[in-house]
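Student:
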Amino acid sequence: NAGVTQTPKFRILKIGQSMTLQCTQDMNHNYMYWYRQDPGMGLKLIYYSVGAGITDKGEVPNGYNVSRSTTEDFPLRLELAAPSQTSVYFCASRMSSGTGAGELFFGEGSRLTVL
Amino acid sequence: AQSVTQLGSHVSVSEGALVLLRCNYSSSVPPYLFWYVQYPNQGLQLLLKYTSAATLVKGINGFEAEFKKSETSFHLTKPSAHMSDAAEYFCAVRVILTGGGNKLTFGTGTQLKVEL
Chain D
1 NAGVTQTPKF
11 RILKIGQSMT
21 LQCTQDMNHN
31 YMYWYRQDPG
41 MGLKLIYYSV
51 GAGITDKGEV
61 PNGYNVSRST
71 TEDFPLRLEL
81 AAPSQTSVYF
91 CASRMSSGTG
101 AGELFFGEGS
111 RLTVL
Chain V
116 AQSVTQLGSH
126 VSVSEGALVL
136 LRCNYSSSVP
146 PYLFWYVQYP
156 NQGLQLLLKY
166 TSAATLVKGI
176 NGFEAEFKKS
186 ETSFHLTKPS
196 AHMSDAAEYF
206 CAVRVILTGG
216 GNKLTFGTGT
226 QLKVEL
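The listed protein sequences derive, respectively, from chains D and V.
Using the numbering used here, the letters of the first sequence map in sequence onto residues 1 to 115.
Using the numbering used here, the letters of the second sequence map in sequence onto residues 116 to 231.
Printed below as a string of structure tokens:
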């Protein structure tokens, strides 16, 4: 039972490089999210999606882009990486609105360092 | 706007002692509240959730939380701490998004240390 799978788990980038964090879920969840976690700051929402083809900004979207071409996949792209994007990134998903309490299911995270 | 505040970024208890992690919420509507646990280098795992049914909610690993509207609190407790409980704990509240759907807004976390 895979749940939410994130790749890569670790990555080091140089300033100005670009990369994509991959996220896939096998629970047929409509809703997917990207959060970043910084020490002492909790988790901040970057982008979310309520279904294939629909995405919207969260609290901290600057420097990131997303796409949602399928129900399963929700990649997060970093353009022109900056040291401020050094963080741990979590992808999460949840069941459709109207089912469940809204709890999220998380991947194991992708630890990104920008030097 | 709905939010949660966790009091105490670090809590230390002895093995076998009571665990009490504090969370207060702010919400203009009846909240849905959650506690998650994060072990080192892992993702967040749901411990328990409050959805306006019973005010005392039991979760996994012997944890429970009580919703107190008068105190706007949702504190997490466990009668007897175990070494394996050492982790970071996050309180969260469900927030309805203007674009449809909802998200969870998290507190800043409480690191629990369990000592022999």
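Glycine is no exception: its CB is placed at the ideal position from the N, C-alpha and C atoms.
All figures in this text were calculated on a predicted structure; none of them were measured in a lab.
So, using beta-carbon positions, are A201 of chain V and L227 of chain V closer together than 9 Å?
Tutor: Working through the second sequence from its first residue, we reach residue 201 of chain V at position 86. Working through the second sequence from its first residue, we reach residue 227 of chain V at position 112. Cβ atoms of A201 of chain V and L227 of chain V: closer than 9 Å.
Student: Going along the chain, which unbroken runs of the beta strand (DSSP E) with 3 or more residues stay wholly within the region 33–89 of chain D?
Tutor: 42–51, 54–57, 64–66 and 76–78
Student: Pick helix, strand or coil for E203 of chain V, following the three-state DSSP scheme.
Tutor: Mapped onto the second sequence, residue 203 of chain V falls at position 88. Residue state, collapsed to three classes: strand.
Student: Reducing DSSP to helix, strand and coil, say where E186 of chain V ends up.
Tutor: Working through the second sequence from its first residue, we reach residue 186 of chain V at position 71. Helix.
Student: Between the region 153–170 of chain V and chain D, which residues of the former have a C-beta closer than 7 Å to a C-beta of the latter?
Tutor: Answer in chain order: Q157, G158, L159, L161, K164 and T166.
Student: Please work out which residues of its chain come closer than 7 Å, Cβ to Cβ, to L112 of chain D, disregarding the five sequence neighbours upstream and downstream, and give them in chain order.
Tutor: In the first sequence, counting from the first residue as 1, residue 112 of chain D sits at position 112. Hits under 7 Å: R11, L13, Q85, T86, S87 and Y89.
Student: State the Cα-Cα distance for the pair K9 of chain D and G58 of chain D, rounded to the nearest angstrom.
Tutor: The sequence position of residue 9 of chain D within the first sequence is 9, counting from 1. The sequence position of residue 58 of chain D within the first sequence is 58, counting from 1. Distance between the alpha carbons of K9 of chain D and G58 of chain D: 23 Å.
Student: Out of V:S167, V:H190, V:H197 and V:S195, which has the shortest C-alpha to C-alpha gap to V144 of chain V?
Tutor: As a working note, residue 144 of chain V is residue 29 in the second sequence. V144 of chain V has its Cα closest to that of V:S167, out of V:S167, V:H190, V:H197 and V:S195.
Student: Please report the straight-line C-alpha distance between V114 of chain D and P194 of chain V, rounded to a whole angstrom.
Tutor: By one-based count along the first sequence, residue 114 of chain D stands at place 114. By one-based count along the second sequence, residue 194 of chain V stands at place 79. Going by the C-alpha atoms only, they are around 42 Å apart.
Student: With contact counted as at least three CB pairs below 8 Å, one residue from each stretch, are the region 69–77 of chain D and the region 47–54 of chain D in contact?
Tutor: yes
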